[in-house]
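Just so you know, the sequences run in chain order A and B.
If you're matching positions, the first sequence starts at 11 in my numbering and goes up one per residue.
If you're matching positions, the second sequence starts at 517 in my numbering and goes up one per residue.
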Amino acid sequence: GESVGLHLPTLSVQEGDNSIINCAYSNSASDYFIWYKQESGKGPQFIIDIRSNMDKRQGQRVTVLLNKTVKHLSLQIAATQPGDSAVYFCAEKSQEGSQGNLIFGKGTKLSVKP
Amino acid sequence: GAVVSQHPSWVICKSGTSVKIECRSLDFQATTMFWYRQFPKQSLMLMATSNEGSKATYEQGVEKDKFLINHASLTLSTLTVTSAHPEDSSFYICSAPDPLAGVNEQFFGPGTRLTVL
Numbered sequence: 011g012e013s014v015g016l017h018l019p020t021l022s023v024q025e026g027d028n029s030i031i032n033c034a035y036s037n038s039a040s041d042y043f044i045w046y047k048q049e050s051g052k053g054p055q056f057i058i059d060i061r062s063n064m065d066k067r068q069g070q071r072v073t074v075l076l077n078k079t080v081k082h083l084s085l086q087i088a089a090t091q092p093g094d095s096a097v098y099f100c101a102e103k104s105q106e107g108s109q110g111n112l113i114f115g116k117g118t119k120l121s122v123k124p
Numbered sequence: 517g518a519v520v521s522q523h524p525s526w527v528i529c530k531s532g533t534s535v536k537i538e539c540r541s542l543d544f545q546a547t548t549m550f551w552y553r554q555f556p557k558q559s560l561m562l563m564a565t566s567n568e569g570s571k572a573t574y575e576q577g578v579e580k581d582k583f584l585i586n587h588a589s590l591t592l593s594t595l596t597v598t599s600a601h602p603e604d605s606s607f608y609i610c611s612a613p614d615p616l617a618g619v620n621e622q623f624f625g626p627g628t629r630l631t632v633l
């Protein structure tokens, strides 16, 4: 299930199940969104991105859904594996195509039980 | 993909001392690099944008005289935490977009853990 801790929501799933991680973004002008995976003590790793002119994009075992109406982004991980355990951040960027900075969401900790 | 390195990976220092953290783009040139700070169980917060050959731009609330940024070459940006105090203890992460990879994607360094005693 999903719980909200002091700072970081946690999602606990069984190995092999599908995971859905949600993110609400703040800026309606944002036109590019990215999901990052961060393992403990490491920098963020790129997972998948989506532009605002799309509502769905699929990668290997991952799917990102974008709902601009309610400013909501989700990351779906199929057949979750123990190696997927990490903190997942969504990030938004305005001025897609520029070298502008990213604004990160709060993050969700995914724990995969074997 | 492009690789960004940071040095050191961790550092422990006494209160009042200065600490320099390096961020290097190993296989691409970066005219812009970003410095983030991350406290435990929290998200990444942008501190400043480092611009090669010009002054860095700082986010609101970040003291430019305390966090000195130098971007002297197209592959190196440094962040110096001056007169560090325990509240500066954090995980510092840099990132850089690789124009050849598409400017949207940013490549992150592995981070530097700073502990101020």
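Just so you know, even glycine gets a beta-carbon here, dropped at the ideal spot from N, CA and C.
Tell me whether G15 of chain A sits in a helix, a strand or coil according to DSSP, three-state version. Along the first sequence, read from residue 1 onward, the residue named residue 15 of chain A stands at position 5. Note that G15 of chain A scores a pLDDT of 39, beneath 50, so its modelled location is shaky and nothing firm can be said.
Contacts around N567 of chain B, its chain only, beta-carbon distance under 8 Å, and the 5 residues preceding and following it disregarded: Numbered from 1 along the second sequence, position 51 holds the residue referred to as residue 567 of chain B. So the list reads T547, T548, T573, H587, once near-sequence residues are dropped.
Backbone secondary structure at E603 of chain B - three-state DSSP: Start at 1 with the first residue of the second sequence, and residue 603 of chain B comes out as number 87. Helix, per DSSP.
Apply the 10 Å Cβ neighbour rule to N125 of chain A and answer buried if 16 or more other Cβ atoms are within range, or exposed otherwise. Because chain A spans 11 through 124 in this model, residue 125 of chain A falls outside it and cannot be assessed.
For L120 of chain A, write down the residues that DSSP places opposite it in a beta bridge. For the purposes of this step, residue 120 of chain A is taken as the residue at position 110 of the first sequence. For L120 of chain A, which the question treats as bridged, DSSP gives the partners A:L21, A:A96.
Once the 5 residues before and after Q24 of chain A are set aside, which same chain residues still bring their CB inside 6 Å of it? For the purposes of this step, residue 24 of chain A is identified with residue 14 of the first sequence, where counting begins at 1. Here the set comprises K123.
Taking the beta strand (DSSP E) that M561 of chain B belongs to, which residues open and close that run? In the second sequence, residue 561 of chain B corresponds to position 45, counting from 1. Unbroken beta strand (DSSP E) run through M561 of chain B: 560-567.
What residue does the beta strand (DSSP E) around L584 of chain B start on, and which one ends it? Working through the second sequence from its first residue, we reach residue 584 of chain B at position 68. Taken as a continuous stretch (DSSP letters only), the beta strand (DSSP E) holding L584 of chain B covers 583-589.
Any Cβ of chain B within less than 8 Å of the Cβ of N63 of chain A? Indexing the first sequence from 1 puts residue 63 of chain A at position 53. No, because no Cβ of chain B sits closer than 8 Å to the Cβ of N63 of chain A.
Would S599 of chain B and S534 of chain B qualify as a contact pair, given that the criterion is a beta-carbon distance under 8 Å? To locate residue 599 of chain B, count along the second sequence from 1; it is residue 83. To locate residue 534 of chain B, count along the second sequence from 1; it is residue 18. Contact flag set, yes.
Measure the C-alpha to C-alpha separation of L562 of chain B and G26 of chain A and round it to an integer number of angstroms. The count along the second sequence starts at 1 and reaches residue 562 of chain B at position 46. The count along the first sequence starts at 1 and reaches residue 26 of chain A at position 16. Approximately 35 Å between the Cα atoms of the pair.
How many angstroms separate the CA atom of S522 of chain B from the CA atom of S589 of chain B? Residue mapping note: residue 522 of chain B aligns to position 6 of the second sequence, counting from 1. Residue mapping note: residue 589 of chain B aligns to position 73 of the second sequence, counting from 1. For the sequence presented, residue 522 of chain B should be read as Gln rather than Ser. The straight-line gap from Cα to Cα measures roughly 15 Å.
Near K103 of chain A, what residues of its chain come up, given a Cβ to Cβ distance below 8 Å and the 5 sequence neighbours on each side ignored? If you number the first sequence from 1, residue 103 of chain A lands on position 93. For K103 of chain A, where only same-chain residues beyond five positions count, the Cβ hits under 8 Å are S40, D41, Y42, F43, I44, G110, N111, L112, I113.
Return the Cβ separation of A518 of chain B and S541 of chain B in integer angstroms, given the expectation that the two are a contact with Cβ distance under 8 Å. As a first step, residue 518 of chain B must be located in the second sequence, where it is residue number 2. As a first step, residue 541 of chain B must be located in the second sequence, where it is residue number 25. Confirmed, Cβ separation roughly 7 Å.
I585 of chain B touches chain A at which residues, Cβ-Cβ below 7 Å? For the purposes of this step, residue 585 of chain B is taken as residue 69 along the second sequence, with counting starting at 1. Chain A residues near I585 of chain B: none, gap ~14 Å exceeds 7 Å.
Closest to D59 of chain A by C-alpha separation, out of A:K119, A:L18, A:F99, would be which residue? For the purposes of this step, residue 59 of chain A is taken as residue 49 along the first sequence, with counting starting at 1. For the residues A:K119, A:L18, A:F99, the minimum Cα distance to D59 of chain A belongs to A:F99.
Contact set between the stretch 49-79 of chain A and chain B, restricted to residues whose Cβ is under 8 Å from the partner: G51, K52, G53, P54, Q55, F56, D59
Using a Cβ cut-off of 7 Å, which residues of the stretch 552-580 of chain B contact any Cβ in chain A, in chain order? K557, Q558, S559, L560, L562, T565
Listed from N- to C-terminal order along the chain, which residues in the stretch 595-628 of chain B have their beta-carbon within a distance smaller than 7 Å of any beta-carbon of chain A? I609, P613, V619, N620, E621, Q622, F624, G625, P626, G627
Would you say the beta carbon of L562 of chain B is closer than 7 Å to some non-hydrogen atom of the ligand COA? No copy of the ligand COA occurs in the structure displayed, which carries no ligand at all.
So with Cβ pairs under 8 Å, would you call E12 of chain A a contact of chain B? Taking the first residue of the first sequence as 1, we reach residue 12 of chain A at position 2. For E12 of chain A, the predicted structure reports a pLDDT of 43, less than 50, and the residue's modelled location is therefore unreliable. The matter cannot be settled from this model.
Please tell me whether Y608 of chain B and I528 of chain B are closer than 8 Å, where the distance is taken between their beta carbons. Stepping through the second sequence from its first residue, residue 608 of chain B is reached at position 92. Stepping through the second sequence from its first residue, residue 528 of chain B is reached at position 12. For Y608 of chain B and I528 of chain B, no; Cβs fall outside 8 Å.
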